[in-house]
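FYI, in UniProt numbering the residues of the sequence shown are 1 to 312.
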Amino acid sequence: MNLLYNLPIFLQMLDLYPVQNFTVEQLEYEKNTRFLQPAWDWIKNGNEHILSSPLFPPFYALSIDYTWVAIFTFIDLCLYDVPLFKNAKIQKDRKVTWELMKQSLKLQGWNQLLWIYPMALVQLIWVPDTELPILAPTVFEMVSQIAIFFLAFDFTYFWFHYINHKVKWLYRWCHSVHHMYSSPFAASAQHLHPFELFFVGTFITTVPWIFPTHCLTYWLWFFVAQSVSYEVHIGYDFPFALHRIFWFYSGAPAHDMHHLRPLTCFQPWFNYLDRLMGYHITYEDLKRMTEAKFKKFGLYSAEDEKGLIKIN
1 MNLLYNLPIF LQMLDLYPVQ NFTVEQLEYE KNTRFLQPAW DWIKNGNEHI
51 LSSPLFPPFY ALSIDYTWVA IFTFIDLCLY DVPLFKNAKI QKDRKVTWEL
101 MKQSLKLQGW NQLLWIYPMA LVQLIWVPDT ELPILAPTVF EMVSQIAIFF
151 LAFDFTYFWF HYINHKVKWL YRWCHSVHHM YSSPFAASAQ HLHPFELFFV
201 GTFITTVPWI FPTHCLTYWL WFFVAQSVSY EVHIGYDFPF ALHRIFWFYS
251 GAPAHDMHHL RPLTCFQPWF NYLDRLMGYH ITYEDLKRMT EAKFKKFGLY
301 SAEDEKGLIK IN
């Protein structure tokens, strides 16, 4: 907590994001030279009443969820036999069906009805309107801040996730809900216990508060965080996927492995902590194991999972 509290002070000492008070002439110069300014003006002008509303961030975030679920639901149900998707499917013996999806969408619907929408409406009472700056953020400011948010969430969630698996009563009470699916798909990404939903949503929302973050950077962070979270759950290993380019990025294969072998691959987006602690494993690693090791590696005992619901 002390580290998080002192981080803004530390960054101010480094002068990475100095508070700037421009003269009229300087302001005009910045407007004409900032790379993102035309895009910011196009987004903002005429939409101020929508973008400044306290309701915009939560409903914008939900729109990202709905979009990715809609796209991959169509792919899973209608395009499964198209060679691109059929060849990329990781667990080829586990077909995604509407019956599987309905069970997850039902839980997500209740979570949104009982938690997400009420919390969004409460913001009308205690959250002020968003200030829409005249200037767009600089490219350095936007990229560097999102990189820091990405690293901070990935590191923090690893430990939250690790503890949820290692503390057995916590796993049974909370995180086992997400592991009802041993073969994930996009529509199951938000299949979460309300406690986990609250933790993940709160951290993604509040980590930008360590800086004086521009609202455009804040909104792009939402898009990046949610899109990557869906990408690791899609169940497809596409030839153009990021993990094929960056060895330190986990991608869908690693998280698919985690759902299949829940005591492996804990890190949500990167894999350096899993590698350091010996939890990173691939399907090729499984194939090389002896039969005895293969049967138990990365799995809970039957006693640990007794009474837990499994959907697929």
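Think of the CB as a built atom: it goes at the ideal place given N, C-alpha and C, for glycine as much as any other residue.
Per DSSP, cross-strand counterpart(s) of residue i
i, result
"Phe-270", "Tyr-249"
"Tyr-236", "Lys-89"
As assigned by DSSP and simplified to three states, the class of residue i
i, result
"Lys-306", "coil"
"Lys-92", "coil"
"Tyr-218", "helix"
"Tyr-29", "helix"
"Tyr-117", "helix"
"Asp-230", "It should be pointed out that residue 230 corresponds to Tyr in this sequence rather than to Asp. Helix at Tyr-230."
"Met-13", "Its pLDDT being 43, under 50, Met-13 is placed unreliably by the model, and the measurement read from it follows with that caveat. The answer is helix: DSSP assigns Met-13 an H, G or I state."
"Val-207", "helix"
"Phe-294", "helix"
"Met-101", "helix"
"Thr-213", "coil"
"Tyr-157", "helix"
"Asp-65", "helix"
"Cys-265", "coil"
"Phe-185", "coil"
"Cys-174", "coil"
"Arg-288", "coil"
"Gly-46", "coil"
"Leu-276", "helix"
Beta-carbon proximity of residue i to residue j, cut-off 8 angstroms
i, j, result
"Ala-187", "Val-24", "no"
"Trp-219", "Tyr-29", "no"
"Phe-140", "Val-207", "no"
"Trp-209", "Phe-149", "no"
"His-179", "Pro-268", "no"
"Ala-252", "Asp-274", "no"
"Phe-85", "Leu-77", "no"
"Tyr-279", "Thr-264", "yes"
"Phe-223", "Ile-64", "yes"
"Pro-54", "Val-127", "yes"
"Ala-136", "Trp-40", "yes"
"Leu-299", "Ser-176", "no"
"Ala-292", "His-233", "no"
"Leu-36", "Met-142", "yes"
"Phe-211", "Gln-145", "yes"
"Gly-201", "Lys-89", "no"
"Leu-170", "Asn-111", "no"
Cβ separation of residue i and residue j, assumed to be a contact under 8 angstroms, to the nearest whole Å
i, j, result
"Ser-182", "His-243", "That pair is no contact at about 20 angstroms."
"Asp-256", "Gln-91", "7 angstroms"
"Phe-203", "Thr-156", "6 angstroms"
"Leu-100", "Ile-281", "That belief does not hold up - the Cβ atoms of Leu-100 and Ile-281 are roughly 25 angstroms apart, past 8 angstroms."
"His-191", "Gln-108", "7 angstroms"
"Ala-120", "Pro-58", "4 angstroms"
The ligand GDP heavy atom lying under 7 angstroms from the CB of residue i
i, result
"Lys-306", "Inclusion of the ligand GDP in the displayed structure is not the case, the ligand content being empty and no account of it being possible."
Self-check item: Stretch pair the stretch 127 to 141 + the stretch 35 to 44: three plus CB contacts closer than 8 angstroms
Solution: yes
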